[in-house]
Structures are given as structure tokens and as C-alpha cells.
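Comments concern the structure below.
2 protein chains.
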Amino acid sequence: MDRRQRRTRSLIFTAFSTLLERKSYTSMTVQDIIDEADIGRSTFYAHFETKDELLKALCIEIFEHVFSDELLSEENHDFSHHSTFKDRITHILYHLQEKQQSIKGLFSGECGEVFLRYLKEYLYCVFDEHIIVKDNIPRDYAMDIAVAAFSETVRWWLKGHSDYTPEEISRFYFESVDI
Amino acid sequence: MDRRQRRTRSLIFTAFSTLLERKSYTSMTVQDIIDEADIGRSTFYAHFETKDELLKALCIEIFEHVFSDELLSEENHDFSHHSTFKDRITHILYHLQEKQQSIKGLFSGECGEVFLRYLKEYLYCVFDEHIIVKDNIPRDYAMDIAVAAFSETVRWWLKGHSDYTPEEISRFYFESVDI
DNA sequence: CTGTTACCGCACACTATGTTCTGTATCTAT
DNA sequence: ATAGATACAGAACATAGTGTGCGGTAACAG
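Below, the structure written as C-alpha cells:
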């Protein structure tokens, strides 16, 4: 990827994140982002088709990191091979904590729901591998609840209670959801 | 309230609901609603300031019914005095089932999240009265999870699994969430 | 019967969007 | 180092949707 492209892409992302801290997503216009990033109009549209695509791209960039397995070895926390489901969850929470600053803005207002929707998609894959469901409950229901409760946990944590540790959050989650 | 006003309001609501079954909320324009309802442009704006206000008004109209206590006496189900929390929940599920047709369209796409956000506001009040939280878990966390899990339950139920009875749904919920 | 109110429908200013074009700067490969 | 490709700036443009304003008509309430 061209250096100029990376630079512009980065300018747009940071402008977008910065604006999210003062403006709501829907009230924010493409023009606002262009002005904040200080780039040409056509340049923006060369990178992203719409404002929604920009949001999606930013979310994906964050999740690529949060759910990446490559980074495990680089970690100082010893979750090299996720023996238990709880370890895997705690590990994801650690990664989310690292990206806290980037994520915080995304929670504000309407795009918080978009962020959490994308988060759920990734979580669904992780949970699908580990979850064991009681036989008197439909599996897809249990999945939905487990994922929704976890994404709500993340929202609660990073939006005003970020002083708790990943381990504590993990404990809260597993004591509240019966899976 | 004037008969003409009620008529127009109703026309707008039904037009909006009808459109939601073919178009997504964001792609839907005020003009679309006006055309579908077959009313004048200025008439729409005399009733609702924005599209969002319309959505809000529709949600509120539904919830006013679902969470109303007056209707209890009219019910054939005997939940006259909600002795237990579970009874109260089951009762709400019955009311949601009645409004199923109106609600179904609201789940599609982006406005589903708006609907669920408003639903959560009402649920928060109900849960706040009944919930008893373990002392090693923050109360506001437990509340958030309980409410989020229930709203997700409602989404799952009405969006593709509406063949289950309110009692079954209630059981699923209380077996999955540990409160 | 009369004053009030809601509606129609048309027009208008305004804002944001997405595209297109030309010239310039920056990168890449031979 | 030079040549061709690519990304960017800046401006112009058509398009579409928004919200408001006004005169005329029909329905309502007392």
C-alpha cells in the first residue's frame, strides 16, 4: 500500500475519531470529516464510498487486532494456548483494553450500536467454538444471549467503569450469565 | 384530539410500518412516507419534526400499551397482582405478543436498535423494582446485563421464533441469566 | 351559521451528497 | 535520473432531500 494512501487513510480515521468526541455520528457530515482531516473532497471518496463504510472500516481495523491470534505470543500475559473459554474471554478483554482510546469515541450515540453489532459478529465465531448449551434451551438462543450479554459487558466496562481489571470483568460476566 | 389529526397520524404510522417491510430505515426518506401515506408535505411536518421523532412516537405508542397496568384487568390471563418478578416478565411478553405485527417491521435494519434502546428504558424501570443482586457484583452492571439479555430475548423471539409461548420464553430467560 | 383548525399543494432556499475534471506532487521501476 | 503511473488538491456541477412559508379548501365545534 502506498505511503500516501496510508497517510490519508490515517488522517481520515483520526479526524473521524476526534469528531466523534464532540459530534454525534448522524449529525456529522462527510464535509466535517474532510475539513477536520484537511483533505480534498474527492480524496475522501477515493477511500470510502460513504460515511458508513468509513465506520465499518474503522471497526474492522480494531477487531482485526482484538481478535487476532498472532499477537498472543507478543503478549506478556500468559494466554498462549487458551485452555478454557474463560481464558479466551479474558484475553479478548485485555486486547479491548489496549484499544480503549480508539474505542471510547465509537460508543457515543448511534454508532455505538453499529460498533457493538460488528463486535457481536466476531464474538459469535468465538463463542460458537467454546459454548456448551443446556439441552433444554435452544442453542441459537443461548448463543444470542451469551454474545449480547458479553457485548453489553464490554459497553458497560469501557463506558464509565474502565477501572476494573479484565479478570474482574470476566468474573462479573460468568457469574451473571449461566452458560 | 381532532378526528382529522387522528386519521393523519394513523396514516403516517401505517405508511411508516408498511415501508419498513420493504425499505431500510436510513434509506427511507420523509418523501417516501409522505407518498405512501398520500398526504401533503407540510402535513407531515405539522405532526412530526423529523423521521426520528416519528420512530420515537411509534415506539412510545407501542410501549404505552405493553407496559400499561390499566390493561391488566382487561386481560384474560390472571396476572392481576404480579406476585413474582417472573410473572411480571411473562405478562410483558404476553403484551408484546399482542403487538407482534406492529413490532415486527421495527426490527428490520437500523431502527431495530432504536426500538430496543427505548424498550430497555422501560425495562430498566421494571427491573429496578424487582431485581435482587448478588453482593459481589455491581448493581448497575447486573441491571444492564439483565435488561440487555431480556431485550435480546425479545428480539430473538419475535424475529423468527414467535412460535414459542411467553411462558417458554420466560423460562429460557431465567435459566440463562443468573440474577 | 360562524369562527377555527387541519389539510393540500406548490414554491423556495438551503444543505449535503457524490461525481468529474484539470493540474500538481509523490511514488516506483528501469 | 528519467519516465510513467498513481494519489492528491481544488473547484465545479448535477442531484436529492430537507424544512418552511403561504394562499386556498374542506372539515370540525359551538
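Protein chains in written order, with the working numbering: chain F, 96 to 274; chain R, 96 to 274. Every residue gets a Cβ at the ideal spot worked out from N, C-alpha and C, and that includes glycine.
Tyr-236 (chain F) - DSSP class collapsed to helix/strand/coil: helix
Those residues which DSSP pairs with Val-272 (chain R) across a bridge: F:Val-272
Assigned secondary structure, Glu-169 (chain F) (DSSP; H/G/I helix, E/B strand, else coil): The predicted model places Glu-169 (chain F) with a pLDDT of 47, which falls under 50 and marks its position as unreliable, so this point remains unresolved.
Residue from R:Ile-187, R:Ala-241, R:Gln-196 with nearest C-alpha to Ile-226 (chain R): R:Ala-241
Contact set for Glu-169 (chain F): own chain, Cβ-Cβ below 8 Å, skip 5 residues either direction: Since pLDDT at Glu-169 (chain F) reaches only 47, below the 50 mark, its modelled position is unreliable, and no value is offered.
Own chain, CB closer than 7 Å to Pro-261 (chain F), minus 5 neighbours either side, in chain order: Thr-185, Leu-188, Tyr-189, Gln-192
Residue from F:Ile-107, F:Asp-239, F:Glu-263 with nearest C-alpha to Phe-222 (chain F): F:Asp-239
Partners in chain R for Lys-229 (chain F), counting only beta-carbon separations shorter than 9 Å: Glu-270, Ser-271
Through-space distance from Ala-152 (chain R) to Asp-216 (chain R), alpha-carbon basis: First, the residue type needs correcting, since residue 216 (chain R) is Glu and not Asp in the sequence shown. Cα-Cα distance, rounded: 14 Å.
Opening and closing residue of the alpha helix (DSSP H) in which Gly-207 (chain R) lies: 206-225
Euclidean distance between Cα positions of Leu-167 (chain F) and Arg-183 (chain R): Because Leu-167 (chain F) carries a pLDDT of 49, less than 50, the predicted location of this residue cannot be relied on, and the following value inherits that uncertainty. Approximately 46 Å between the Cα atoms of the pair.
Short CB-CB distance (under 8 Å) between Thr-248 (chain F) and chain R: yes
Local Cβ density within 10 Å of Glu-131 (chain R), reported as buried at 16 or more and exposed below that: buried
Lys-181 (chain R) vs Phe-267 (chain R) beta-carbon contact at 8 Å: no
Endpoints, alpha helix (DSSP H) assigned at Lys-199 (chain R): 195-202
Chain R contacts made by the stretch 176-193 of chain F, where a contact means CB separation under 7 Å: none
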